[in-house]
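Student: Below is the structure I would like to discuss, written out as C-alpha cells.
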Amino acid sequence: MAWSLVSPPSDGQIRTSRSECRFLAPVMLVLATACLLTTLFGMAPGGRVYLPTVLALLAIPGSFAAAAVRCRLARERTTLLLASLPVPPSLADVRRVLRTALGDPTGEIHLWVEDDKRYIVANGAPADPPDPAKGIVRFPLRDRDGRPLAVVVLNARQGGPRDFVDVTVKALAVALENVRLKATADARLEQIVASSARANAAAYEARRRLERDLHDGAQQRLLALGTRLGVARHTTTEPETLAALDAARGDLAAALAELRTLARGLYPALLAGGGLAPALEAVADALPLAITITAPDERLAPAIEASAYYTACEALTNAVKHAQATAAAVTITCTPLTLTLTVTDNGQGGARATPDGGLAGLSDRLHALGGRLTISSPPGSGTTLTAAIPIT
Numbered sequence: 100m101a102w103s104l105v106s107p108p109s110d111g112q113i114r115t116s117r118s119e120c121r122f123l124a125p126v127m128l129v130l131a132t133a134c135l136l137t138t139l140f141g142m143a144p145g146g147r148v149y150l151p152t153v154l155a156l157l158a159i160p161g162s163f164a165a166a167a168v169r170c171r172l173a174r175e176r177t178t179l180l181l182a183s184l185p186v187p188p189s190l191a192d193v194r195r196v197l198r199t200a201l202g203d204p205t206g207e208i209h210l211w212v213e214d215d216k217r218y219i220v221a222n223g224a225p226a227d228p229p230d231p232a233k234g235i236v237r238f239p240l241r242d243r244d245g246r247p248l249a250v251v252v253l254n255a256r257q258g259g260p261r262d263f264v265d266v267t268v269k270a271l272a273v274a275l276e277n278v279r280l281k282a283t284a285d286a287r288l289e290q291i292v293a294s295s296a297r298a299n300a301a302a303y304e305a306r307r308r309l310e311r312d313l314h315d316g317a318q319q320r321l322l323a324l325g326t327r328l329g330v331a332r333h334t335t336t337e338p339e340t341l342a343a344l345d346a347a348r349g350d351l352a353a354a355l356a357e358l359r360t361l362a363r364g365l366y367p368a369l370l371a372g373g374g375l376a377p378a379l380e381a382v383a384d385a386l387p388l389a390i391t392i393t394a395p396d397e398r399l400a401p402a403i404e405a406s407a408y409y410t411a412c413e414a415l416t417n418a419v420k421h422a423q424a425t426a427a428a429v430t431i432t433c434t435p436l437t438l439t440l441t442v443t444d445n446g447q448g449g450a451r452a453t454p455d456g457g458l459a460g461l462s463d464r465l466h467a468l469g470g471r472l473t474i475s476s477p478p479g480s481g482t483t484l485t486a487a488i489p490i491t
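Residue numbers (our numbering): 100 to 491.
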C-alpha cells in the first residue's frame with residue numbers, strides 16, 4: 100500500500116481486545132464443550148463415542164466459519180463507513196468513522212501539519228500524541244512520500260482483531276491525506292487573499308495620494324499659469340500675440356479639464372468626503388438613465404468603498420453603452436460581515452464576463468478582496484449584477 104504504518108504499535112501493552120473475545124468466544128465455547136464431552140463419554144464403560152461428542156466435534160469448524168463471517172461483515176461495515184465520508188472530509192469526520200468502525204469511543208487522530216510543524220486534533224487545536232503508556236496503542240502513519248502523516252491513538256482493550264485494526268487504520272490514511280491537503284490549501288488561500296487585500300488597500304491609498312498631488316500640485320500650477328496668461332493678454336495689443344495667448348489659454352483650459360477628470364477617476368473627492376451615496380448620485384446625474392440609488396450612510400474602509408463604487412460605475416456604464424437601458428437601480432446593503440451591491444437595469448440583457456472585458460476585471464478585483472461577482476442577464480430581460488464584498 101502507498102500508506103503504511105511506521106512500525107508495529109508496540110508502545111503500550113497489547114492484550115486481547117473485547118472485539119477479539121467476542122469473535123473467538125463461540126469457538127472457545129465449542130472447543131471446551133467438545134473436550135468436556137469427549138473426556139466424560141470417553142471414560143464411559145466400553146469407551147463408546149456417543150452422538151453428542153460427534154456433534155460437538157463437528158461444530159468446531161462451524162464455529163471458526165462463523166467467526167470468519169463476523170470479521171468479514173465488520174470489514175464491509177468499515178468500507179461502508181469510509182464511503183459515507185463527505186468530499187473533502189474533515190478530521191472530525193475521519194475520527195467518527197474510526198471510532199464507529201473499531202467501537203472505541205476514545206479513539207483519537209493526531210494529524211501532522213507540515214507547515215506548522217505540529218500535530219492537531221479534530222477541533223483544530225494543537226495536541227501532541229500521548230506518550231506510550233499501559234492501555235494505549237499508537238499507530239504512526241506516513242503518507243505516500245514517506246513523510247509523517249498522523250498518529251492514531253486507540254484503547255488497547257477496544258477495537259477488533261489486530262489485522263482488522265491495521266487494515267482500518269491504513270484505509271483511513273487516504274482520507275487523512277485529503278484532510279491535510281484541504282487544510283493546507285485553505286491556509287494558503289487565506290494567505291493569498293490577505294496578501295491581495297493588502298495590495299489592493301495599498302493601491303487605493305496610492306490613488307488617493309496621487310489625486311491629492313494632482314489637485315494640490317499640478318492643478319494649482321496650471322491655474323497660476325492661466326492667471327499669468329490672462330495678465331499678459333491685458334498688457335499687449337499686438338494681434339498675433341493676443342491670438343497666441345488665447346490659443347494657449349484654450350489649451351490650458353482643456354488640460355485642466357482632463358486633469359480634473361483624471362483626478363476624479365483615481366479617487367473621487369465625493370467618495371472620500373461623503374461616502375458611497377453622494378459619490379454614486381453624482382455618477383447617476385451624469386448618465387442618461389433614470390437611476391435610483393439606495394445606500395447606507397455608514398462609512399467603510401476606503402478599499403471596500405472604492406471596490407463598490409467602481410463596480411457600480413462599470414455596471415451603469417455597461418447599461419448605457421451595451422444594454423440600451425433606460426432605467427437602473429443601485430442597492431447597497433451591509434451586514435457586520437459583508438457589503439452587498441446590486442445593480443439592476445431594464446436593458447436587453449445577454450451580458451457576460453469575457454476574458455479581457457470590464458466585468459472580468461471587476462470579478463478579479465473582487466476576488467482579490469475575498470469577494471465574488473454574480474451576473475444574471477437572460478436575453479431580453481435586463482441584467483442584475485450582484486457583488487458581495489467581505490467587510491472584515
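All C-beta atoms in this analysis are idealised placements derived from N, C-alpha and C, irrespective of residue type, glycine included.
Remember, predicted model here, so these are calculated numbers, not experimental data.
Less than 8 Å between the C-beta atoms of Ala411 and Thr482, yes or no?
Tutor: The residue labelled residue 411 in the question sits at position 312 within the sequence shown. The residue labelled residue 482 in the question sits at position 383 within the sequence shown. No, Cβ-Cβ distance for Ala411 and Thr482 is not below 8 Å.
Student: Quick check on Arg256: does DSSP put it in helix, strand or coil?
Tutor: Taking the first residue of the sequence shown as position 1, residue 256 is located at position 157. Arg256 falls in the coil class under three-state DSSP.
Student: Measuring straight from C-alpha to C-alpha, what distance separates Ala426 and Leu355?
Tutor: Here residue 426 corresponds to residue number 327 of the sequence shown, with the count starting at 1. Here residue 355 corresponds to residue number 256 of the sequence shown, with the count starting at 1. Taking the straight line from one Cα to the other gives about 32 Å.
Student: With DSSP as the reference, label Val264 as helix, strand or coil.
Tutor: Taking the sequence shown and counting its residues from 1, the one referred to as residue 264 is at position 165. It is helical.
Student: Looking only at its chain, what residues have a beta carbon closer than 7 Å to the beta carbon of Pro225, apart from the 5 residues adjacent to it on each side?
Tutor: Start at 1 with the first residue of the sequence shown, and residue 225 comes out as number 126. Arg217, Tyr218 and Ile219.
Student: The beta strand (DSSP E) with Glu207 in it runs from where to where?
Tutor: Here the question's residue 207 lines up with position 108 in the sequence shown. Counting along the chain, the beta strand (DSSP E) containing Glu207 begins and ends at Glu207 to Val212.
Student: Thinking C-alpha only, which one of Leu375, Leu184 and Thr473 is nearest Val278?
Tutor: Taking the sequence shown and counting its residues from 1, the one referred to as residue 278 is at position 179. Among Leu375, Leu184 and Thr473, the Cα nearest to that of Val278 is on Leu184.
Student: What's the C-alpha gap between Ala376 and Ala286?
Tutor: In the sequence shown, counting from the first residue as 1, residue 376 sits at position 277. In the sequence shown, counting from the first residue as 1, residue 286 sits at position 187. Roughly 36 Å separates the two Cα atoms.
Student: Is it a yes or a no for the segment 335 to 354 touching the segment 373 to 389, going by three-plus beta-carbon pairs under 8 Å?
Tutor: Flag = no, the segment 335 to 354 and the segment 373 to 389 do not touch.
Student: Since Val196 and Leu180 are thought to touch, with beta carbons under 8 Å apart, how far apart are those beta carbons, to the nearest angstrom?
Tutor: Residue 196 sits at position 97 when you count from the first residue of the sequence shown. Residue 180 sits at position 81 when you count from the first residue of the sequence shown. About 5 Å separates the two Cβ atoms, so the contact holds.
Student: With a threshold of 7 Å on Cβ separation, who are the neighbours of Thr430 within its own chain once the five nearest residues in sequence on each side are excluded?
Tutor: The sequence position of residue 430 within the sequence shown is 331, counting from 1. Closer than 7 Å at the Cβ level, and outside the excluded window around Thr430, lie Thr393 and Thr441.
Student: Tell me whether the beta-carbon of Leu370 lies closer than 8 Å to the beta-carbon of Glu413.
Tutor: The sequence position of residue 370 within the sequence shown is 271, counting from 1. The sequence position of residue 413 within the sequence shown is 314, counting from 1. Result no, Cβ atoms of Leu370 and Glu413 do not sit closer than 8 Å.
Student: Does the beta-carbon distance from Ala486 to Leu472 come in below 8 Å?
Tutor: On the sequence shown, residue 486 is found 387 positions in, with the first residue counted as 1. On the sequence shown, residue 472 is found 373 positions in, with the first residue counted as 1. Yes; because the gap between Cβ atoms is below 8 Å, this pair is in contact.
Student: So the candidates are Pro188, Arg243, Pro401 and Pro231; which of them puts its Cα closest to the Cα of Leu438?
Tutor: The residue labelled residue 438 in the question sits at position 339 within the sequence shown. Checked all of Pro188, Arg243, Pro401 and Pro231; the closest Cα to Leu438 is Pro401.
Student: Apart from the five residues on each side of it in sequence, which residues of its chain come closer than 6 Å, Cβ to Cβ, to Ala221?
Tutor: As a working mapping, residue 221 is identified with position 122 in the sequence shown. The answer, listed in chain order, is Leu190, Ala191 and Arg194.
Student: Quick check on the burial criterion: 16 or more other C-beta atoms within 10 angstroms. Buried or exposed for Ser475?
Tutor: Numbered from its first residue, the sequence shown carries residue 475 at position 376. Exposed.
Student: Whole alpha helix (DSSP H) runs in the segment 399 to 447 with 4 or more residues, listed along the chain?
Tutor: Qualifying alpha helix (DSSP H) stretches, in chain order: 401 to 420.
Student: What span of residues does the alpha helix (DSSP H) with Pro377 cover, start to end?
Tutor: In the sequence shown, counting from the first residue as 1, residue 377 sits at position 278. Where Pro377 is concerned, the enclosing alpha helix (DSSP H) stretches over Leu375 to Asp384.
Student: According to the neighbour-count rule (16 or more other Cβ atoms, all chains shown, within 10 Å of its Cβ), is Ala407 buried or exposed?
Tutor: In the sequence shown, counting from the first residue as 1, residue 407 sits at position 308. So Ala407 ends up on the buried side.
Student: For Leu201 versus Val264, is the C-beta distance shorter than 8 Å?
Tutor: In the sequence shown, the residue the question calls residue 201 occupies position 102. In the sequence shown, the residue the question calls residue 264 occupies position 165. In this structure, Val264 lies closer than 8 Å to Leu201 by Cβ.
Student: How far does the alpha helix (DSSP H) with Ala462 in it extend, from its first residue to its last?
Tutor: Position 363 of the sequence shown, counted from the start, is the residue given in the question as residue 462. The sequence shown places Ser at residue 462, not Ala. Its alpha helix (DSSP H) spans residues Gly457 to Ala467.
Student: For Pro478, which option in Leu388, Arg198, Gly448 and Gly234 has the closest C-alpha, if you only look at C-alpha atoms?
Tutor: The residue labelled residue 478 in the question sits at position 379 within the sequence shown. Ranking the options by Cα distance to Pro478, first place goes to Gly448.
Student: For Ala486, which beta-bridge partners are listed by DSSP?
Tutor: For the purposes of this step, residue 486 is taken as the residue at position 387 of the sequence shown. In the DSSP output, where bridge partners are listed per residue, Ala486 has Leu440 and Leu472.
Student: Please classify Pro239 as buried or exposed, where buried requires at least 16 neighbouring CB atoms within 10 angstroms.
Tutor: Here residue 239 is taken as the residue at index 140 of the sequence shown, counted from 1. Buried is the call here.
Student: If we call anything under 8 Å between Cβ atoms a contact, is Thr177 one with Thr267?
Tutor: As a first step, residue 177 is located in the sequence shown; it is residue number 78 there, counting from the start. As a first step, residue 267 is located in the sequence shown; it is residue number 168 there, counting from the start. Cβ atoms of Thr177 and Thr267: closer than 8 Å.
Student: Just to confirm, are Pro188 and His209 a CB contact at a threshold of 8 Å?
Tutor: Looking up residue 188 in the sequence shown gives position 89. Looking up residue 209 in the sequence shown gives position 110. No; because the gap between Cβ atoms is not below 8 Å, this pair is not in contact.
Student: Gly372: which of Asp203, Ala255, Glu404 and Leu415 sits nearest, CA to CA?
Tutor: Along the sequence shown, read from residue 1 onward, the residue named residue 372 stands at position 273. If we check each option's Cα against that of Gly372, Glu404 comes out closest.
Student: From the DSSP secondary-structure annotation, give me the bridge partner or partners of Ala356.
Tutor: Locating residue 356 in the sequence shown gives position 257, where the first residue counts as 1. Bridge partners of Ala356: none, in fact.
Student: In angstroms, rounded to a whole number, what distance separates the CA positions of Ala270 and Lys420?
Tutor: Reading the sequence shown from its first residue, position 171 is the one you call residue 270. Reading the sequence shown from its first residue, position 321 is the one you call residue 420. Taking the straight line from one Cα to the other gives about 59 Å.
Student: Quick check: is the beta carbon of Gly325 nearer than 8 Å to any beta carbon in chain D?
Tutor: Judged by its chain identifiers, the structure shown contains no chain D, having just a single protein chain.
Student: Pull the bridge partners of Ile219 from the DSSP assignment, please.
Tutor: As a working mapping, residue 219 is identified with position 120 in the sequence shown. Partner(s): Leu210 and Pro225.
Student: To which residues of the same chain is Leu341 closer than 7 Å at the C-beta, ignoring the five residues directly before and after it?
Tutor: Working through the sequence shown from its first residue, we reach residue 341 at position 242. Excluding residues within five positions, the ones whose Cβ falls inside 7 Å are Arg332 and Thr335.
Student: Relative to the alpha-carbon of Asp215, which residue among Val236, Leu328, Pro247 and Asp230 has its alpha-carbon at the smallest distance?
Tutor: Within the sequence shown, numbered from 1, the residue matching residue 215 stands at position 116. Nearest of Val236, Leu328, Pro247 and Asp230 to Asp215, Cα basis: Pro247.
Student: Between which residues of its own chain and Ala389 is the CB-CB distance below 6 Å, once the five residues before and five after are set aside?
Tutor: The sequence position of residue 389 within the sequence shown is 290, counting from 1. Correct list, in chain order: Ala426.
Student: Under the three-state reduction of DSSP, which class applies to Arg198: helix, strand or coil?
Tutor: On the sequence shown, position 99 is the one that residue 198 refers to. Looking at Arg198 - three-state DSSP - the assignment turns out to be helix.
Student: Looking at C-alpha atoms only, which residue of Leu344, Glu337 and Arg241 is the closest neighbour of Gly325?
Tutor: As a position in the sequence shown, residue 325 is number 226, starting the count at 1. Checked all of Leu344, Glu337 and Arg241; the closest Cα to Gly325 is Leu344.
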